[in-house]
Amino acid sequence: MSEYNFNQIEKKWQRYWEEHHTFKATATSDKPKYYAMDMFPYPSGAGLHVGHPLGYIASDIVSRYKRQKGFNVLHPMGFDSFGLPAEQYAIQTGQHPAITTEQNIQRYVEQLKNLGFSYDWEHEIRTSDPSYYKWTQWIFMQLFKSYYDYSQDKAAPIENLVKEFEQHGNSRVNAACDEDTPAFTADEWKGMNEQEQSEMLLKYRLTYLAEAVVNWCPALGTVLANDEVVGGVSERGGYPVERKRMRQWMMRITAYAERLLQGLEDIDWPEPVKEMQRNWIGKSIGAEMSFAVENTEERIKVFTTRLDTVYGVTFLVLAPEHDLVEQITTDEQRATVEEYARVAKNRSERERMADVKTVSGAFTGSYAINPFNNEKLPIYIADYVLAGYGTGAVMAVPSGDQRDWNFARHFDLPIVPISDAQKDMDKQADPTKEGRYINSELVNGLTYQEALPILVKFLEENGIGKAKINYRMRDAVFSRQRYWGEPVPVYFKDGIPHLLEESDLPLELPKIDAYLPTETGEPPLGRAQEWKYKGEYSYELSTMPGWAGSSWYWYRYMDPQNDKAFADKDVIAYWQNVDLYIGGSEHATGHLLYSRFWNKFLYDMDLVVAAEPFKKLINQGMIQGRSNFVYRIKDSNTYVSFGLKDQYDATPLHVDVNIVDNDVLDLEAFKRWRPENANAEFILEDGKYICGVEIEKMSKSKYNVVNPDDIVERYGADTLRMYEMFLGPLEQFKPWNTNGMDGVNKFLRKYWKLFYDNEGNFAVSDEAPTAAELKTLHKTIKKVEEDVERFSFNTSVSTFMICVNELTQQKSNKRAVLEPLTIILAPYAPHIAEEIWEKLGHKESISYAAFPEWKEEYLVENTFEYPVSVNGKVRTKTSFALDTPREEIEKAVLSNEQVTKFFDGKAPKKIIIVPNKIINVVV
Numbered sequence: 001m002s003e004y005n006f007n008q009i010e011k012k013w014q015r016y017w018e019e020h021h022t023f024k025a026t027a028t029s030d031k032p033k034y035y036a037m038d039m040f041p042y043p044s045g046a047g048l049h050v051g052h053p054l055g056y057i058a059s060d061i062v063s064r065y066k067r068q069k070g071f072n073v074l075h076p077m078g079f080d081s082f083g084l085p086a087e088q089y090a091i092q093t094g095q096h097p098a099i100t101t102e103q104n105i106q107r108y109v110e111q112l113k114n115l116g117f118s119y120d121w122e123h124e125i126r127t128s129d130p131s132y133y134k135w136t137q138w139i140f141m142q143l144f145k146s147y148y149d150y151s152q153d154k155a156a157p158i159e160n161l162v163k164e165f166e167q168h169g170n171s172r173v174n175a176a177c178d179e180d181t182p183a184f185t186a187d188e189w190k191g192m193n194e195q196e197q198s199e200m201l202l203k204y205r206l207t208y209l210a211e212a213v214v215n216w217c218p219a220l221g222t223v224l225a226n227d228e229v230v231g232g233v234s235e236r237g238g239y240p241v242e243r244k245r246m247r248q249w250m251m252r253i254t255a256y257a258e259r260l261l262q263g264l265e266d267i268d269w270p271e272p273v274k275e276m277q278r279n280w281i282g283k284s285i286g287a288e289m290s291f292a293v294e295n296t297e298e299r300i301k302v303f304t305t306r307l308d309t310v311y312g313v314t315f316l317v318l319a320p321e322h323d324l325v326e327q328i329t330t331d332e333q334r335a336t337v338e339e340y341a342r343v344a345k346n347r348s349e350r351e352r353m354a355d356v357k358t359v360s361g362a363f364t365g366s367y368a369i370n371p372f373n374n375e376k377l378p379i380y381i382a383d384y385v386l387a388g389y390g391t392g393a394v395m396a397v398p399s400g401d402q403r404d405w406n407f408a409r410h411f412d413l414p415i416v417p418i419s420d421a422q423k424d425m426d427k428q429a430d431p432t433k434e435g436r437y438i439n440s441e442l443v444n445g446l447t448y449q450e451a452l453p454i455l456v457k458f459l460e461e462n463g464i465g466k467a468k469i470n471y472r473m474r475d476a477v478f479s480r481q482r483y484w485g486e487p488v489p490v491y492f493k494d495g496i497p498h499l500l501e502e503s504d505l506p507l508e509l510p511k512i513d514a515y516l517p518t519e520t521g522e523p524p525l526g527r528a529q530e531w532k533y534k535g536e537y538s539y540e541l542s543t544m545p546g547w548a549g550s551s552w553y554w555y556r557y558m559d560p561q562n563d564k565a566f567a568d569k570d571v572i573a574y575w576q577n578v579d580l581y582i583g584g585s586e587h588a589t590g591h592l593l594y595s596r597f598w599n600k601f602l603y604d605m606d607l608v609v610a611a612e613p614f615k616k617l618i619n620q621g622m623i624q625g626r627s628n629f630v631y632r633i634k635d636s637n638t639y640v641s642f643g644l645k646d647q648y649d650a651t652p653l654h655v656d657v658n659i660v661d662n663d664v665l666d667l668e669a670f671k672r673w674r675p676e677n678a679n680a681e682f683i684l685e686d687g688k689y690i691c692g693v694e695i696e697k698m699s700k701s702k703y704n705v706v707n708p709d710d711i712v713e714r715y716g717a718d719t720l721r722m723y724e725m726f727l728g729p730l731e732q733f734k735p736w737n738t739n740g741m742d743g744v745n746k747f748l749r750k751y752w753k754l755f756y757d758n759e760g761n762f763a764v765s766d767e768a769p770t771a772a773e774l775k776t777l778h779k780t781i782k783k784v785e786e787d788v789e790r791f792s793f794n795t796s797v798s799t800f801m802i803c804v805n806e807l808t809q810q811k812s813n814k815r816a817v818l819e820p821l822t823i824i825l826a827p828y829a830p831h832i833a834e835e836i837w838e839k840l841g842h843k844e845s846i847s848y849a850a851f852p853e854w855k856e857e858y859l860v861e862n863t864f865e866y867p868v869s870v871n872g873k874v875r876t877k878t879s880f881a882l883d884t885p886r887e888e889i890e891k892a893v894l895s896n897e898q899v900t901k902f903f904d905g906k907a908p909k910k911i912i913i914v915p916n917k918i919i920n921v922v923v
């Protein structure tokens, strides 16, 4: 086969890899391990578009390269197969989500295999498979049976806590717990009934039931995470979202806040992602204090990082959802406050945080007392304060905070002036800041550092506060009122939550008649008939959120068929954790944070060996769509070409990019595209209809989605793989342009031709290569190795192109050159490399051929090509060895006809030679 028939070649080698289990990984190898993983996809009905494989190609190149470097590589793929889209489709059609999910997965598998990825498909997992979510449920149960002991700085069994309660109450307990956890003695604990003890333990458990303010989406019938709400509506579907108090399962991720923060120092992740996690965790060092509410027993707690500003407080602000709003609002203000709270609660936290311009709020009618100066402070509610952050209340100091200042100006509240003494105090604390607040006798003349312990002592002596480290991060909601998710392995007896027996796992999803809430408002699982634990007790009717199954899946990849444990301890000890993880930065404060939390818990339980799950993270950029536009003339079915559109009143409309070739519209395909286009007429330029172009996000609504199947059929998977890498640095956003595929495809054909003679015969010589050929080869090996090690794949593609061009010019067909070149090309274009490797006489796959070593001796420059000028004008170039004597250079130049023909019969006056720079003959 002298022609490069990529369709035949690629199908052949994909069958070979599957039949021979080429990429099978085991945990028994004596090779060093390398674990490369992609963020596994949610299998949507739309399948993959060309933007999706970008990260997969990169991780596959690294995986193939590492195999050649002698590593035992685990490179798995699976599917995050629970989720809203399949359930929404089920609601609309009545079809079980498992059916559509299975169909979608099969489509994804087919597409992924067509791209030649070196996945070990025997390690495939699916989060919706009961054999998988059995272990998600098991991990939930371990969390329920644990609490976080600050003294040990790790999770510990809840039984230890119960023993402490029985002997000493909770006076000696230093553990993560709810803010409202009361103090109690051993006798008081023993005096509690089962219900009361259960409720008290829920205040300590790492997963627990509690009242929480959540994002409730009535249209979807479920609670959404903050990152699933955009602009007050659901990210999926755009349905209205309201803030609502509900009893939910929660995960006490806050217990791990400090360790999650410190762990960022030990991992090789993009700094922006680390910074997003740091900001999300939001560590603040300061003090918590309480303000008494006038004429009541109530107290309002606030947290501040600048306790010295307490003398500048002129009002307090509560979040509209704050527990005390109803109690402290006076009858005169109640209607106003309730109406404001109703509107404010329906704005998402993200929207409220981002809105720095809007000033709104309502006066409760009540006042608080500043304990430092006994001044009365009006209490307002405003949506710029969030119930989920800090205490849900702030002491407002308008002299130093922009939002407080805006609020004070809007409601005509006092703004305390700045004093010279406080300016000095602030400047000593932080010379970059201006002083902001008035001073007082208590801290008069002191620096910020000197004042703080005095102020904290005042709080502690008066029982109104203490020094405190606060974290912005809140505990994570772990309930979804949906069907298509992991059932929570909990049943209720007398209203008390109990875990199932481990032998009863997995708790599988029951059959139901519809995927909607019940008529009484229960989640869809409430529709299940006779679905009781041991035929008697009610199960939890909420399911786990989408992030449950993705918070530990890298361990299941290691040992996917194990029915005794989520993964064998020895297997985990071998693979340890993920060496390379590639996925989107949009998961920074969701999946990536939750995964680190669950991993640290499993580490505390001595179930895994690494404290962090992912050593190195790369965020691939987005491949953007190249949208095309047609221009319809107003009130007509006539379309005008791009260059003529300004002459008409024409509206731009997106058009399917698949009926556009190099921005030229296929007119007949356009007429067939939509019924209303059948009678379309066109105003052309130069006989063509030229479309407009814009770079946008690739999406179905913009008709700019390019299906990789079409590209593979037209150009081949190897071309697609190399082109996606060639587009630019992996981390950057870059526009897709199918027109650019030709260049990469021509490169592969040019590489193929190196192995064939003019008669089309496979002809590789065993002759020794020339110095020039060896230089071309070894500089390529060196550059490709360096590029892969630093994940700079686009420059490798350029290097391959340069190499093949040079070898073509050198008419190189030497085995000693072309065989190593084929090995280093294989990670990028594995199919063509396998075919050539076989033709070179090898019986085994190229996947495990040793990556060649480059040698410095072939890269040393031993000649220099001089530009030769006559009277300052370059006339030719000629090469000399670096150690050529000056006399020999002069002699060679003066005998060179390309030089002497410009002498016009004159004798040269002198020859100027600047070593390794230029030669100039003066005539």
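Each residue of the sequence shown is one higher than the last, beginning at 1 in full-length UniProt numbering.
For every residue, glycine included, the Cβ atom is placed at its ideal position computed from N, Cα and C.
On the criterion of 16 or more Cβ atoms from any shown chain inside 10 Å, does residue i qualify as buried, or is it exposed?
i, result
"residue 285", "exposed"
"residue 822", "buried"
"residue 2", "exposed"
"residue 330", "exposed"
"residue 435", "Confidence is the limiting factor: at residue 435 the pLDDT is only 42, short of 50, which leaves the residue's position unreliable, though a coordinate-based value still follows. Looking at its Cβ environment, which holds 16 or more other Cβ atoms inside 10 Å, residue 435 is buried."
"residue 762", "exposed"
"residue 917", "exposed"
"residue 277", "buried"
For the alpha helix (DSSP H) that contains residue i, what are its first and last residues?
i, result
"residue 109", "97-114"
"residue 710", "708-715"
"residue 137", "130-144"
"residue 402", "402-410"
"residue 822", "815-825"
"residue 741", "741-753"
"residue 160", "158-168"
"residue 805", "793-809"
Would you mind stating whether residue i and residue j have Cβ atoms separated by less than 8 Å?
i, j, result
"residue 572", "residue 730", "no"
"residue 721", "residue 829", "yes"
"residue 624", "residue 736", "yes"
"residue 711", "residue 55", "no"
"residue 597", "residue 260", "yes"
"residue 25", "residue 73", "yes"
"residue 523", "residue 512", "no"
"residue 549", "residue 136", "yes"
"residue 397", "residue 309", "yes"
Could you give the first and the last residue of the continuous beta strand (DSSP E) run that contains residue i?
i, result
"residue 216", "207-217"
"residue 694", "692-696"
"residue 619", "614-619"
"residue 927", "There is simply no residue 927 to check, as the chain begins at 1 and stops at 923 in what is shown."
"residue 287", "283-293"
"residue 224", "222-224"
Would you say residue i reaches chain D, if we count a Cβ-Cβ gap shorter than 8 Å as a contact?
i, result
"residue 82", "Of the protein chains in the structure, only one exists, and it is not chain D."
How close, in whole Å, do the beta carbons of residue i and residue j come, if the pair is a contact with beta carbons under 8 Å?
i, j, result
"residue 804", "residue 750", "5 Å"
"residue 10", "residue 717", "5 Å"
"residue 574", "residue 27", "4 Å"
Under 7 Å: does the beta carbon of residue i sit that close to some heavy atom of the ligand MN?
i, result
"residue 665", "Looking for the ligand MN in the displayed structure turns up nothing, as the structure carries no ligands at all."
Would the stretch 677-690 count as touching the stretch 631-642 if we require 3 or more Cβ pairs under 8 Å? Taking 8 Å as the limit for Cβ pairs, the verdict is that the stretch 631-642 does touch the stretch 677-690.
Below 8 Å, how does it come out for the stretch 536-550 and the stretch 490-503: are there three or more Cβ pairs, yes or no? Cβ pair count under 8 Å is three or more, so yes.
Check whether the stretch 118-131 touches the stretch 17-30, taking contact to mean three or more Cβ pairs, one atom from each stretch, closer than 8 Å. Touching, per the Cβ criterion.
The stretch 337-349 in contact with the stretch 265-285 per 3-pair CB rule at 8 Å: No, they do not touch.
Sufficient close CB pairs (3 or more, under 8 Å) joining the stretch 166-173 to the stretch 184-202: Cβ pair count under 8 Å is three or more, so yes.
Inspect the CB distances between the stretch 382-394 and the stretch 308-322 and report whether three or more fall short of 8 Å. Verdict: yes, contact present.
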